[in-house]
Each structure stands twice: as C-alpha cells, then as structure tokens.
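Read the structure below first, then the notes.
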Amino acid sequence: MHIPDGYLSPSTCATLYAFAAAGWYAALQRVKRLLATRAIPLISVFAAFCFVVMMFNVPLPGGTTGHAVGVGVAAIVLGPWGSILAISIALAIQALFFGDGGITTLGANCFNMAIVGSFVAYVVYRMIAANSNLKSRQRVFAAAVAGYVAINASALVTAIELGIQPALFHDPSGTPLYAPYPLHVAIPAMMIGHLTFAGLAEAAISAGMVSYLQRADLGLLRGIGGLAQSPASAFANPSAEGSQRRLWWAVALLMLLTPLGILAAGTAWGEWSSADLTNPQTRKQIAAASRNHAPPSSVPAGIAKLSNLWTAPFPGYAPRFIKSPMFGYLLSAMFGVGILILASLLAGVVAEKWPRRSLPL
Amino acid sequence: MASTYEVQDISYSYEAVPAIRGLTLRIEAGDRIALLGANGSGKSTLLRLLDALYFPSAGSIAFQGEPLTEKCLQQEEFFLNFRRRVALVFQNPDVQLFNPTVFDEVAYGPLQLQWNKEDVLRRVDETLEFMSISHLRDRPPYRLSGGEKKRVALASVLVLDPEVLLLDEPTATLDPKSQSQVVDLIQQWKGTAKTVITATHQLEIVEDIADRVFVLEAGAVIAQGTPSEVLSNSGLLLRANLIHAHRHRHDGVVHSHPHLHGHSHHEHER
Amino acid sequence: MSRHPFLERTLRGFTRAVSTALASEHAATQPGLLQQLDPRVRVIGILALVLSVVLCRRIAAVAALLLIAIAIAAASRVSIASLAKRVWLVVLGFSGVIALPALFLIPGRPLFAVPALHLSISVQGVRTAVMLVLRVETTATLTTVLVLSTAWIHILKALRSLHLPAEIVTMLAMTHRYVFLLIETANQMFESRQSRTVGVLSGPAQRKMAARTAGVLLSKSVELSHEVYLAMLSRGFRGEVRLLTGFRFRVRDYASLTVFIITSCLVVWIGR
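Protein chains in written order, with the numbering used here: chain V, 1039 to 1399; chain G, 334 to 603; chain H, 1107 to 1378.
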C-alpha cells in the first residue's frame, strides 16, 4: 500500500501533504499534552516496534504470507493520535531510509495508513469492544475486525487517490501522466489484495497481540497514559462513552443508506440552477412539483449572476468519472462525512490550543 | 558538613509490589560504597531513588542536606544542579545510549544543561580521549560491542564531572578484559572527592571497588561493614542469595557447604 | 529447510535491513561528489531533483533526470551494479509489473495489435507505462544515492536546519536507533523458536507464533521506552530538545546548491 514517487501528481501530493501535516500537528499537540516529557521515548520506541512488525511475514490461509501495518495494535495501545505519530514515523523511515514508498508521496501514505487507518481502527475497536471485560473474547474479536476494516479503509482511500489520477492528469493526447488506471480498475485491483491478504494479516496480528496482552500485560491493553481515551471527550463516564458509540453506529448506518437518495426522482424543490430554469424538460418537472405553477419565463437576475460562481467538485453527487451512480453516491457520502469528522476533530484540537482570555470575576 | 546521602526509613513499591521497605543508610562524600545483593533485592531501585528518578512513598532522602522531593526537582536551578552533580550509569547500556552517535551521546548531558557550543565540543573530545573511544566518535550505538557500549555510557556521564557516581551492575555481561577496565576506572577514584556507589552481585570485584559494603535483601539493608568483614561471612552471603550451597563429593564423602565458583580454592566453613 | 517460509522470509527481511544500514555507513565515508557537500545541500539538491521528476510532463525530461541521477551516483562512488540490484530490478519487479497492463488498457491510437490475445497496444499505453517506470526508477535512484552518501543523523540534522520541528527530528533519530535493537531482539526470538520447533507447525500455530512474538516485542518495547525515559531524565532532560548541528557552508556548497536548483528548474521548464 506504500505509494512510490511518480504515481501521484504534484498537486495530489501537495494536497495530501497538507492533510497529513494538519494531522501530525494535531497529533503532536495532543500527545505532548497528555504525555509531556514521556512522549518522545514512548512514541519513538513504539514507532520502531511498528517498523519491525511491518517486516513480519504473517502466515495466512493457503500457505501464503502477508504483511501487517500494526495500525490496529497502535490504535488500541496508543489511541488514535499516538498511533498517527508512531505509524507516520515508521513510514517516514521506511520511505527515506529503506526506499519503501516515495518521498513526494509520504504525505499521502501517512494520510492513508497513519491517519485514516488509525481513526478507523480506533473507532471500530471501541464500537465493538464497548465496555466488555478487558480479558474477554469480545476484545480479541474487536481487534481483528478493527485491523481488518482499517487496512481496507486505507486501501480504499489509496485506490481512490490512484484512480482519479488519469482523469485529472493527462497530456493533450490522453496519456495519463501518473497512475494510469481509472477508478473502476484501481479500486478492484487494490481492494482484492487487501480484502484477502493484507486485511487478514492485520486482523491476525491485531487479534493475536490483544490475546497475548490479555494474558501477559493487561496494563498495556488499557492504553498508555490516557492516550487511548475517546478522542473527543475525557470522560471516564461509561454512559457518555456509550452514547458516543451509538452516535458512531448511527453515522455509519446513515452513510451506508445514502444510496437510497437515488430513488428520489426529479430535483429537490428550490435547488435549481439557471440551466434547470431554461431547460424545457426540467421546467415541466418544476411545474409538476409546484402545484402546476409555471416557473418564471426568464431566469431571475440574481440566480443568473450567482449560478456559475462556483462549480462543485462532485456535481450531482457523482464525480464525472464514476459510472455507477449508486457507488458515486456512497463515495460522496463517505467523503463528506470523512471531511466533516476530520475537520471537527482538528477544530477541537485548535480550539483547545487557542489562548483564551480569562473573564474577570 | 551534611552527608552526601541521608536515607531515612524509605519505602517504595512498583505497582503494589514492595521493592524497598524501611531502608536506612548514610553515605559521606568520597565514600566508595558497594550495594551487594542478589537480583530483586532492590539495589537498582535504590540507585534510582538516590538519583531522584523515583521518589519514596514513605521516609525521606536528603542530598547534601537538601531533601530530594518531586517538588524540589521541578525547580529549574535545583534540577540542573542535581543532574550535573549526580550521575547514574544504567545496567543495560542500550537504555542509556539513546542518541544516534557516540559523539551525540556524550554531548547530550552538557547540551541539556545548556552549556555553550565550544565548551560542549571541547569537553566531549576530552572525555572521549580519556575513555579511549575517540575512534568511535561517529559510530551509531548498534554497531558497538558490549564493552564499547559500557565505555560510552561511562563517558556520557563523566563528561559532566559529577560528584556522585551511581553504577548499576557496571561489570555484568562484560568480558573479563572490559570488566577489569571498568574496575580500574573505579579504583582511580579512590581517595578523590568522588562518591562512588556501585550496585553489584559479583563478589569478586567488591574488594577492589569499595571501602564499605551494604548488603541488601528483600528491599532492606541486612548488614554493613568493610569488604573483608562481609565477604568472610558466608552465612550472611548465603542468606542474601549471593553464594550458593549444593551437595558434592570430596574424597568419597558427600557434603554440602556454601561456596563461590570461580575462585582458585574452595573456602570451607566447618 | 523451508518448513516455515514465513519465518525464513522474515529473518531474511531482517538481514536485508541491517545490510542496508551497513552499506549506507560504508558509502557515507567514501570520497565522492555528494559526500564532499554540506548535508543540507545534499538534502535540498536531491529533493529538488525528485520534485522536478514529478513535475515533468515529458518522457525525455524524466529520462534526462535519470541520467543525471546515475551520473551523481557514479560520482559519489556508489556502485552502479549495486544500484541496479538494489533499486532498478526491484522497481522493475514492482512498478514494471503494475505498468504492464497499461500497455493494453489505456485507450488511444493503436501501435500494434497482438492478434492472439485480441488486444492492441496503444501509443498512449506505451507512453504512460514508460513514464511511470522512469519516474519511479529516477526518484528511487536519487533517494538511494542520498541515503547511501549521508549518515541518517546528518539527514535529520539537515532537515532540522530546514525547520523541521526538533521533537520530530529527535523521534526520527531515536526510532532509527532502536529499530536495529528491536530487529536484533525479534531475530533472536524467531531463531530460538525456529530451533525449538520440531516438525511443521499448522497454519493457526504459525500465526500464533508470529502474533506472540509481536506481543513479546511490544512488551519489551514499552518497557524499553520507560527505561530510556528514565535515562533521559537522569541526564537532564526536561522536555526541550537541544541539538548540535554544526554545519557550515563553503564555496563549493553554494555553487552546488545553485547547480542543483538551476538544473531542476531547467528540466521542469523544458519538460513542461
């Protein structure tokens, strides 16, 4: 899953570097705040551990082997922020020192594996493990699923990044300049390998290690130094944690149900562009949805002026190059939710850091 | 003048397991002390308490008249002063060698104590020379042998010219040549103002490195005295698990007596 | 002795990692072109060239950069044979294989047809495959030459002078230092388990061994980190990181930096 240099265009690299940098900054702030001086040795040695685990060949069914990333374990023991740092550092050393993964694509790789991977692993683990006993099998199962889903989430984001390259970056004759395969090739190609091998390797390592920790080192399973607490709250209150978990389940469910939106026919009332108001076909639809009142014969001046001010990246909730509307919808939903979650988490961290003037009593 | 260390009845536990209980001792400036005890007797823990890395849950430790508490060490001046004057050499050199190269390792202490650049460079070179490791200057720690690592670890604390040296099993895992080099170094400080406190379970070096011995067992001092007093007391050594007794044959007779392997002759206690 | 391929492959991976470190250490002491330059110039210069590889839009430009990369490697006493074995073949095996289907899959003007497979290779397909492989080869060559000619700590100190935060630099340095210790530990654990197993282990048992080794390694790692923390405190650590960089620019450094930057910009301009 490590993307080498040359697969992503400079603008893609720059964008993902920006996302990654925001993630690193937020993670560093949070880890420093919770661990103070202990952060440096803990994160460093843990990153070294992740690096070595990434080198393990994990035996898989069928006599094959796969590699784990260790994001499952890192998220469980260090929490999502510590995991972001540890995995990113391991990836940086892999890229620079061992040539595994590119330098221009380091931001992308860190975003995919360290940031997306850590959060997905952490959220899935907390959702499934819930408040179960630290020594229960539920925890082992939660770890396996968390590792599996996290790796596949990372693989999906990677596939999307690679898959949009040819459509966006090609020379005038149509030659793709970077990754050459469009989404409908990139996604299956990446996902097949990860839904099977890499995902299973991660699941095996995550589950196996939680099982080991249950017997040998329970303290680590509880999470180190307050890092593995819920990212948005410092409550040790189980009911608060529980309601937050329910919220995550609800969001996941809603995301999966978004394709239902395709079933709605026609256009949403009032959300018309100037093109809609001039097209005779849509004018009929508008009239039918407005108790047979015809829309104005000419486009109102305000709408005409503002209609072309901004073109959405995903017009119609489906990027131009996605053929299946349902998948486009789902993708847009995941994208939107993902961006919102990321933005709110980062806003939370920034807000904590913002100097507040104390009110005079 | 106040004693270097005045330890009164301290206790300390690791996660509910008591490691030190009711330990009292006093150490004066210039003393060469050996803390003798088997693994698990609390020697390492005691050294860390003396280095203010841990703080006792009961009792008190005073360093040159000043109490060593967590609060005191949060004051920058006291902290910098203490860290310069007291140095601990850890048992596992890999723990102590956390910098990328030997040079960086030896320079770490002075840099943290905010020396200026020229002084740091000069002092580091001096110390590397003194420990005969100048040729290892740019080597990363994972390319050093056990003996070399130990010398770098010593260099990294000696660079600050500390008054008190706390050595945790300095000769464990070393080959005989390296062992004797370390012992020679400790002997150099005999009669100087340096206080050297060595924790060890190796009886054969005790006479060379110490003038006074504290024997530890289960987190408390069970005896103290000169090296010859302590080493000749096999009952004491047996109790502290520093020597063993097993059955063997001598001239057709089976008997059991406490002894130490590695000596050129048995010491019999009849 | 291929009873447990996962063990052998893992152990081989460990050996390769250590040998890379040794090769890097050896090459960094050679009197070559890059070795004579200030590490900051090396880092900025190579990064500039890597950036231009990614910014170019023409194959000829990327090919020119590849030649420049090889020239720098040769001048820096990096053996071309080892470069070929370590980098070029590996890249070919990975990106080459990935790029191969592009010959057939990318739509465009047909170059020639393979009648037996009912497929045709398009001009665009060839161009995109060549471009991709060239880009990866060139950037991989450049980064390898940088890492071989420069000690890790110097790369980090160079990045520090380029204003990478001190904590990040310290963590990168410490991680690198302890990677080798943990590799050695894991190596020993695997070797001892390998010698203690009689016969062939079942799949689940193998997985359990891998996971258990990882678990023990985790416990040891966290324990190690606690001890390192104490060692740092003992030597005066209070949270701030102070590094000694000690780099000084000479005339040749200014000159080389200028050459690097101008070359990169020129190639990007020509290859736009």
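Each residue gets a CB set at the ideal place from its N, CA and C atoms; glycine is no exception. The model shown is predicted, which means the values in this text are computed figures rather than measured ones.
- Per DSSP, residue 1211/V lies in no alpha helix (DSSP H) and is assigned neither H nor E.
- By the neighbour-count criterion, in which 16 or more other beta carbons inside 10 Å mark a residue as buried, residue 399/G falls on the exposed side.
- A check of alpha carbon separations from residue 351/G across 375/G, 370/G, 361/G and 340/G identifies 375/G as the nearest.
- Non-local C-beta neighbours of residue 1179/V in its own chain, meaning closer than 8 Å and more than five positions away in sequence, comprise 1166 and 1245, ordered along the chain.
- Excluding residues up to 5 positions away in sequence, 419 and 528 lie with their Cβ nearer than 6 Å to the Cβ of residue 497/G in the same chain.
- Here residue 1218/H is bridged, per DSSP, to 1227/H.
- Annotated as proximal: residue 553/G and residue 355/G, with beta-carbon spacing under 8 Å.
- The alpha helix (DSSP H) runs of length 4 or more contained entirely in the region 1298-1351 of chain H are, from start to end of the chain, 1309-1340.
- DSSP lists no beta-bridge partner residue for residue 1050/V.
- Per the coordinates, the alpha-carbon of residue 532/G lies some 10 Å from the alpha-carbon of residue 547/G.
- Under a criterion of Cβ atoms nearer than 7 Å, the residues of chain H adjacent to residue 445/G are, in order, 1341, 1342, 1343 and 1348.
- At least 8 Å separates the CB of residue 1188/H from every CB of chain V.
- Residue 1193/V holds the alpha-carbon nearest to the alpha-carbon of residue 1226/V among 1193/V, 1106/V, 1074/V and 1214/V.
- For residue 1287/V, the closest of 1136/V, 1064/V, 1164/V and 1247/V by C-alpha to C-alpha distance is 1164/V.
- Close partners of residue 1076/V in chain H (Cβ separation under 7 Å): 1335.
- Listed by position along chain H, the residues whose Cβ is nearer than 7 Å to that of residue 1091/V are 1320.
- The region 1117-1131 of chain V and the region 1082-1093 of chain V touch, with three or more beta-carbon pairs separated by less than 8 Å.
- Among the residues of chain H, those whose CB is under 7 Å from the CB of residue 440/G are 1350, following chain order.
- By the beta-carbon neighbour count (other beta carbons within 10 angstroms, threshold 16), residue 1135/H is exposed.
- Excluding sequence positions up to five before and after residue 1145/V, its CB lies within less than 6 Å of the CB of 1054, 1055 and 1058, all in the same chain and listed in chain order.
- For residue 1111/V, the three-state secondary structure derived from DSSP is helix.
- For the set 1275/H, 1290/H, 1262/H and 1239/H, the Cα lying nearest the Cα of residue 1123/H is the one of 1290/H.
- By the criterion of at least three beta-carbon pairs nearer than 8 Å, the region 444-451 of chain G is not in contact with the region 498-505 of chain G.
- Straight-line spacing of the CA atoms in residue 423/G and residue 439/G works out to 15 Å.
- Contacts with chain H at 8 Å (Cβ-Cβ) include residue 450/G.
- Residue 1303/H and residue 1296/H have their C-alpha atoms some 11 Å from each other.
- The C-alpha of residue 406/G is placed about 55 Å away from the C-alpha of residue 1231/V.
- In this structure, the CA atom of residue 489/G is about 13 Å from the CA atom of residue 433/G.
- Judged by their CB atoms, residue 1229/H and residue 1214/H are nearer to each other than the 8 Å cut-off.
- Of the residues 1238/H, 1306/H and 1271/H, the one whose Cα lies closest to the Cα of residue 1213/V is 1238/H.
- Straight through space, the alpha carbons of residue 1167/H and residue 1149/H are spaced by roughly 22 Å.
- Using a Cβ-Cβ cut-off of 7 Å, residue 1083/V is close to 1284, 1327, 1330, 1331 and 1334 of chain H, given in chain order.
- Annotated three-state conformation of residue 1257/V is helix, per DSSP.
- Within chain H, no C-beta atom comes nearer than 7 Å to that of residue 545/G; the closest sits roughly 24 Å away.
- Under the Cβ distance rule, residue 1157/V does not count among the residues neighbouring chain H, no pair being separated by less than 8 Å.
- Residue 1353/H places its beta carbon 8 Å or farther from that of residue 1111/H.
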